[in-house]
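In the UniProt record's numbering, the protein residues as written are 1 to 63.
Here a beta-carbon is modelled for each residue, glycine too, at the ideal position from N, C-alpha and C.
Computed from a prediction, not measured in an experiment: that's the story for all the values here.
Here's what the structure looks like:
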């Protein structure tokens, strides 16, 4: 039955990495909010930050 178990270490090596990712998501969301009204000047930076945040959210969700 072990072959049906997921090796979650491929997503996060340990719980600390998991909680660090959650903290990073929170930080990124605060930074994304700062782009309000400034999207024209910093669109690329915003999209990159949003993409990084989306990837972290996906990892946390799957974990």
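The continuous alpha helix (DSSP H) containing residue 28 extends over residues 15 to 33. Per DSSP, reduced to three states, the secondary structure at residue 44 is helical.
Judged by DSSP in its simplified three-state form, residue 39 adopts helix.
The DSSP-derived three-state label of residue 11 is coil.
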